[in-house]
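There are 2 protein chains.
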Amino acid sequence: MGDPDHILTALDRAGHRLTDARRLIAGLIAERNGHFTVADLVAACRSGHTGIGRATVFRTVDLFESLDVIERLDLPSGEHAYVECERAHHHHVVCSRCGRTEGIEDAGLRTLVGKVSRQTGFRIDDHRLEMFGLCPACLALQPVPSSATA
Amino acid sequence: MGDPDHILTALDRAGHRLTDARRLIAGLIAERNGHFTVADLVAACRSGHTGIGRATVFRTVDLFESLDVIERLDLPSGEHAYVECERAHHHHVVCSRCGRTEGIEDAGLRTLVGKVSRQTGFRIDDHRLEMFGLCPACLALQPVPSSATA
DNA sequence: ATTTTTGCAAATCATTTGCATATAT
DNA sequence: ATATATGCAAATGATTTGCAAAAAT
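Respectively, the protein sequence lines represent chains A and B.
For what it's worth, this note's numbering labels the leading residue of the first sequence as 13, then goes sequentially.
For what it's worth, this note's numbering labels the leading residue of the second sequence as 13, then goes sequentially.
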């Protein structure tokens, strides 16, 4: 579970206004522990009889992303999901079952980027690494998860 | 420039029918050297007065993807693009200017996946790594590309 | 002959935009 | 007061689906 203040502080620091919609959406985001889609937030806003409209949710998500307090994940399905993240930034392991994510440290990425750059002659400005699988909790739910005994 | 036969052979081997639409789309894909979107292909089909419809293009792209002869890229913009790829599979450097891509070898990824798995307790089933930047040719077009002299 | 594929139009889902109103500063 | 943000409805774009006709085996 994240911290809505982290988001609100970032908003404020960047000179954006603190509105009800933004506070509410920050709260919704903070109270999930997994990734979420814009559609999820729109549904939550609708069911919570808040008067917040679809367009505002999209605009707010874009804004949060531009402040680096959330980050977009491209799920294997092609869906766009988002996760709250510390400014530090970059790369997640994603649980395909419950959607929980965990940030991962550089762990050798920098070296790898350098190597690829040297090998291909590309100047590399940006990169994205995502890993998908099952988190410990979900693993525990499924005994013998891969090569099951028939 | 790719090889349409690579695609057609894979189709055949998997027991799919060789139709005009598939041959034509395989040809369109082979003659690009960068990535392409479904919309690109639809436009090419339309302008080439082929009678191929939008739905067929989508279905064909899905089919090719399922055969691992093309692979989906998630561009930083959020667009879905595709690249032709050898079955070997996995990970590309993408030129943000011309769209050219180059496949990259494991280059230490396997180790990194193992490390992350150990650190987080996740079982990792799948991963994706994409790097974005400028290819050598596009670099040559823009002298002093990063910190330009004002 | 039979099964798979196609094309089309319509349906669905995701995302953006215009604009008048409301709100934070 | 003033600039920014919102809500709504409508526009746009991406993708899917139903179904009868066409093509591949």
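Ideal placement from N, C-alpha and C gives every residue a C-beta, glycine not left out.
Counting the other Cβ atoms within 10 Å of the Cβ of residue 90 (chain B) gives fewer than 16, which makes it exposed.
When the alpha-carbon of residue 15 (chain B) is set against those of B:71, B:131, B:111, B:45, the nearest one is in B:45.
Classified as buried, residue 40 (chain B) has 16 or more neighbouring CB atoms from the shown chains inside 10 Å of its CB. Counting only runs of at least 3 residues, the stretch 94–138 of chain B fully encloses the following beta strand (DSSP E) elements, listed from N- to C-terminal order: 104–107, 113–115. Taking the C-beta atoms as reference points, residue 140 (chain B) is found nearer than 7 Å to residue 142 (chain A). Excluding five sequence positions before and after residue 60 (chain B), none of the CB atoms of its chain fall closer than 6 Å to its own CB. Residue 93 (chain A) has its alpha-carbon roughly 21 Å from the corresponding atom of residue 17 (chain A). Counted as a single uninterrupted DSSP element, the stretch harbouring residue 91 (chain A) is not any beta strand (DSSP E), since DSSP gives it neither H nor E. 7 Å or more divides the Cβ of residue 137 (chain B) from the Cβ of residue 111 (chain A).
Chain B has no Cβ within less than 7 Å of the Cβ of residue 74 (chain A). Annotation for residue 85 (chain B): 47, 92, 93, 94, 95, 104, 106, 113, 142 place their beta carbon closer than 8 Å to its own, counting only its chain and skipping 5 residues before and after. Neighbours of residue 125 (chain B) in chain A, taken as residues at a C-beta separation under 9 Å, are given in chain order as 143. Collapsing the DSSP output to three states places residue 82 (chain A) in a strand. Residue 116 (chain B) has its alpha-carbon roughly 11 Å from the corresponding atom of residue 130 (chain A). If the five residues before and after residue 70 (chain B) are omitted, its C-beta is found closer than 7 Å to the C-beta atoms of 50, all from its own chain and listed in chain order. For a Cβ distance threshold of 7 Å, nothing in chain B lies close to residue 98 (chain A): the least Cβ distance comes to about 16 Å. Chain-ordered, the chain B residues with CB closer than 8 Å to the CB of residue 116 (chain A) read 128, 131, 132. For residue 13 (chain A), same chain residues with a beta-carbon under 7 Å away, outside a window of 5 residues either side, are 42, 43, 45 in chain order. A straight line joining the alpha-carbon of residue 76 (chain B) with that of residue 97 (chain B) spans about 10 Å. Here DSSP, grouped into helix, strand and coil, assigns residue 43 (chain A) to coil. If you compare the alpha carbons of B:102, B:133, B:153, B:152 with that of residue 82 (chain B), the shortest gap goes to B:102.
Between the C-alpha atoms of residue 134 (chain B) and residue 74 (chain A) there is a straight-line separation of about 29 Å. Excluding its 5 nearest sequence neighbours in each direction, residue 150 (chain A) has C-beta neighbours in its own chain below 6 Å: 107, 109, 110, listed in chain order. Using a CB distance cut-off of 7 Å, residue 136 (chain B) counts as an interface residue toward chain A.
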